[in-house]
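Chains as they are written, first to last, in full-length UniProt numbering: chain A, 1 to 296; chain B, 1 to 326; chain C, 1 to 311.
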């Protein structure tokens, strides 16, 4: 009898501890997980290390050393104002991470709330919220961001808000689908039978159970968010110079293609390598968190 | 007389993460002109993989690793792509278990017949269409002209299998391999489909290889029967002998688990145990762990050495008890 | 079938209203009043105040928001997109030819994306786990990680600066179209290739493919006539989504290559706070996207015979 109860609790409680450890071990062995994880770690290190690791001040102008090609002194060369590109790239990593995190937090917070309310808040809430989601999805992604920037005016913060708004409908849809799928799951029925309130089931029980899917989803929306924000900055609608945000560093890039390719290559490669690393890491994460893989 | 289709010592293995699965492990079969050969066995006995191997249709990770397959004296395993496509659908054709998913959902059934005709014959679109419609008629699709442009989802399972038969027999092949053709169908439809197969094959002189787990179908249709167990043929003989005088203990077990019409059996005897997993295949005779004969005779050799296929008066059998007796 | 089409058409109405409302907000929510911003410092205070009052009336800025919205919807329905705050020219005139240019760019890029994406995706699926697959998937991975604006610069650097084959700055002719179309097309081809590969792999493992093999059909026939039409359903969904990316991506590409489309105009308009232009460009692009998605959805009925029978 005791055995049986224990067994049932296991199906209700969905224990994740051992699975999590196993997933982490698989992640460490995953080839593209190693490469991507390495890139992400370097990025995080650069962003957290602060100014102490920078060889030069990323903002200080040095007119004598304008547009110097890469050398032992300036690894990535210097830009049109003589600023050290290597320092600016390292320093810019914090903006990249900040954009990725802030916009994802905005998208996830509002998107999850919308999704939970749509999935568990009754017919009318569902109708209303999903119509809003439909409208947001009816805009091409970049255009939705442009619309938000047009309303709020160009700045680093509006870029992050815009990217966050752009990400909302995706989260809302995902969560709504999960909620609808989990509503009738055994453990939810059990909670309901125990007399848990509607909201408590929604936020306290269902939400933690859809978190793995959220992590997977975030792993591929974060690089998209960073790319979009960089594009906004590049268009002059996000971070404004002299902020060494990588997209903003490319605003005048075309002028230098002929004379100083490194001014374009440095920030361009920085974005490319970071996004590639995140995508590789995200792929690995999806591989190891995939429920089909977990059961192996 | 040389057989039309001759399979010798066929070995088809699947490479999986858990090791190599020997789905077919040394199968010998002969199909003579115009006859009906039944291949019976439980699921997992390798009968479907044997059938697919005959046309080299086994998908990755499966692979034919040994043996030979000869059609009309030609080596099928060494054929190039072109020769193989000329053989398939024209000289040897095949129908499968789930007729509805075997038809392409976005191509009309008519075109699925005409494309075959055009692939193998020099024929105009109009002729192909007319042939297709008369084929649909002959397999009993009502209103064939109209159904020509129907899609698989608009057909019932029985109709879909009729269409599959029309496709398979369109070019009057010399061998038709039918892999569990009625298993997925309603009981009432099964008899109709079996009757249709029998009639058409007889009419065209097509040899039929009927892969099934249903001994009733075999009794009704087959001239000769091969019984498969765990990737091997354990007994092969003509249908009368099989039912009147089964040699192999497994065949005996199968027969006694079959209800006999008009005879009220007190109790159907099922064979105890299950088909062995590929991962722990018995080292010698594969049926040994479930074999009543071995237990009652107290034979040790069954667990020590694999029995060879032994010629009998009307076929062959793979059993130490028979070999010891003769 | 007819039911499906009608339902699909009805679904558009709330979406169109949503789009109108969101673009309306661009005007209504602008925090610094664009009208006064435009006149500050350029004319004397009295005249400015008078002009502002005129313009406020002209743009109905004094009415309650719902009436402003009503007027906006009414105007749009009569194809009146207002006039540019900055140049006082009708917006329609400003964006007309640019809209065509953007469509040309997006359409060319779509062709590039479909050709490259489908071919590489199919090859990858057919030669699964061989070097062909690994190479094309690796390149694809790089493609989805590549910012469009950086790829644009790389291509300009190679083909215009180093090889001097193509012009650096757009002249509006076919030669100037090549690089922007390739840039945008490659980026989108990457995602399309991945979808094509996975749906082809799915389809190639289906029973009807085995049937086709058993019929003795040739491998290329099976690939193109049996597998591709089935895989095309998910590919079509992806293409529909990508047209949004292409329209949005065109905005960035136009800026890089100096291609005179609505994107280039919109970016300037946002910086200039020319809300009528911004509003019109976003409205027109979103409208185009909705329309294209409608077409894609209707295409399903043609590609997949099963749809017409579903309730």
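For every residue, glycine included, the Cβ atom is placed at its ideal position computed from N, Cα and C.
Starting from the C-beta of residue i, find all residues in its chain whose C-beta is less than 6 Å away, skip the five residues before and the five after it, and write them out in chain order.
i	result
residue 164 of chain A	103, 106, 107
residue 44 of chain A	none
residue 70 of chain B	6
residue 237 of chain A	149, 154
residue 141 of chain A	166
residue 81 of chain C	91, 92, 280
Here's a check: name, in chain order, each residue in its chain whose Cβ is nearer than 7 Å to the Cβ of residue i, leaving out the five neighbours to either side.
i	result
residue 320 of chain B	285, 299, 301, 302, 307
residue 60 of chain B	none
residue 305 of chain B	284
residue 86 of chain C	272, 274
residue 273 of chain B	289, 290
residue 3 of chain B	30, 31, 32
residue 251 of chain A	234, 236, 241
Are the Cβ atoms of residue i and residue j separated by less than 9 Å?
i	j	result
residue 136 of chain B	residue 121 of chain B	no
residue 263 of chain C	residue 281 of chain C	yes
residue 257 of chain A	residue 160 of chain C	yes
residue 73 of chain A	residue 260 of chain A	no
residue 104 of chain B	residue 66 of chain B	no
residue 83 of chain A	residue 48 of chain A	no
residue 189 of chain C	residue 113 of chain C	yes
residue 95 of chain C	residue 284 of chain C	yes
residue 282 of chain A	residue 216 of chain A	yes
residue 243 of chain C	residue 185 of chain C	no
residue 314 of chain B	residue 241 of chain B	yes
residue 151 of chain C	residue 178 of chain C	no
residue 38 of chain B	residue 317 of chain B	no
residue 286 of chain C	residue 277 of chain C	no
Using the Cα positions of residue i and residue j, report the straight-line distance between them to the nearest angstrom.
i	j	result
residue 52 of chain A	residue 131 of chain A	50 Å
residue 293 of chain C	residue 241 of chain C	8 Å
residue 197 of chain C	residue 287 of chain A	17 Å
residue 16 of chain B	residue 119 of chain C	30 Å
residue 19 of chain C	residue 266 of chain C	17 Å
residue 35 of chain B	residue 205 of chain B	8 Å
residue 255 of chain C	residue 158 of chain C	19 Å
residue 119 of chain B	residue 138 of chain B	21 Å
residue 115 of chain A	residue 205 of chain A	15 Å
residue 292 of chain B	residue 190 of chain B	33 Å
residue 303 of chain A	residue 17 of chain C	Examination of residue 303 of chain A is not possible in this model, given that chain A is present from 1 through 296 alone.
residue 64 of chain C	residue 42 of chain A	53 Å
residue 110 of chain A	residue 60 of chain A	39 Å
residue 32 of chain C	residue 21 of chain A	Low confidence applies to residue 32 of chain C: its pLDDT is 49, below 50, so where it sits in the model is not reliable, and the reading given next is rough at best. Rounded to the nearest angstrom, the two C-alpha atoms are 53 Å apart.
residue 93 of chain C	residue 249 of chain C	23 Å
Along chain C, in chain order, which residues have C-beta atoms closer than 8 Å to that of residue i?
i	result
residue 141 of chain A	244, 245, 248
residue 271 of chain A	147, 150
residue 200 of chain A	Ordered by position in chain C, no residue passes the 8 Å Cβ test against residue 200 of chain A, which lies about 33 Å from the chain.
Under 9 Å Cβ-Cβ, which residues of chain C neighbour residue i?
i	result
residue 96 of chain B	207, 210, 211, 214
residue 134 of chain A	11, 14, 15, 18
Can residue i be considered in contact with the ligand ATP, in the sense that its beta carbon sits closer than 8 Å to one or more heavy atoms?
i	result
residue 242 of chain B	Questions concerning the ligand ATP fall outside what the structure shown contains, since it holds no ligand whatsoever.
Note down, in chain order, every chain A residue with its Cβ under 8 Å from the Cβ of residue i.
i	result
residue 271 of chain C	154, 236, 237
Only counting the same chain, and skipping five residues up and downstream in sequence, which positions put a Cβ closer than 8 Å to that of residue i?
i	result
residue 5 of chain C	298, 301
residue 279 of chain A	36, 220, 223
Output, in chain order, the set of chain B residues within a Cβ distance shorter than 7 Å of residue i.
i	result
residue 134 of chain C	In chain order: nothing, as chain B lies at least about 17 Å away.
residue 64 of chain C	What residue 64 of chain C touches in chain B: nothing, since even the nearest Cβ is about 54 Å away.
Note down, in chain order, every chain C residue with its Cβ under 7 Å from the Cβ of residue i.
i	result
residue 90 of chain B	216
Could you work out which residues of chain A lie near residue i, taking near to mean beta carbons separated by less than 7 Å?
i	result
residue 285 of chain C	140, 143
residue 181 of chain C	Result: empty, since nearest Cβ-Cβ is about 17 Å, beyond 7 Å.
Taking residue i as the query, report the chain B residues whose CB atoms sit under 8 Å from its CB, ordered along the chain.
i	result
residue 3 of chain C	Result: empty, since nearest Cβ-Cβ is about 17 Å, beyond 8 Å.
(message) Does the contact criterion of 3 or more C-beta pairs under 8 Å hold for the region 214–226 of chain C versus the region 130–146 of chain C?
(response) no
(message) Taking contact to mean 3 or more Cβ pairs, one atom from each stretch, closer than 8 Å, check whether the region 11–27 of chain B and the region 274–293 of chain B are in contact.
(response) yes
(request) May I ask you to verify whether the region 121–135 of chain B touches the region 179–186 of chain B, counting CB pairs closer than 8 Å and requiring at least 3? (result) no
(message) Using 8 Å as the cut-off, can you tell me whether the region 152–162 of chain A makes contact with the region 172–187 of chain A, which would need three or more C-beta pairs spanning the two stretches below that distance?
(response) no
(message) Quick check: the region 144–158 of chain B against the region 188–202 of chain B, are at least 3 beta-carbon pairs closer than 8 Å?
(response) yes
(request) Determine contact between the region 192–199 of chain B and the region 226–240 of chain B, defined as no fewer than three beta-carbon pairs at a distance below 8 Å. (result) no
(request) Report yes or no: do three or more beta-carbon pairs, one from the region 263–276 of chain A and one from the region 173–184 of chain A, lie closer than 8 Å? (result) no
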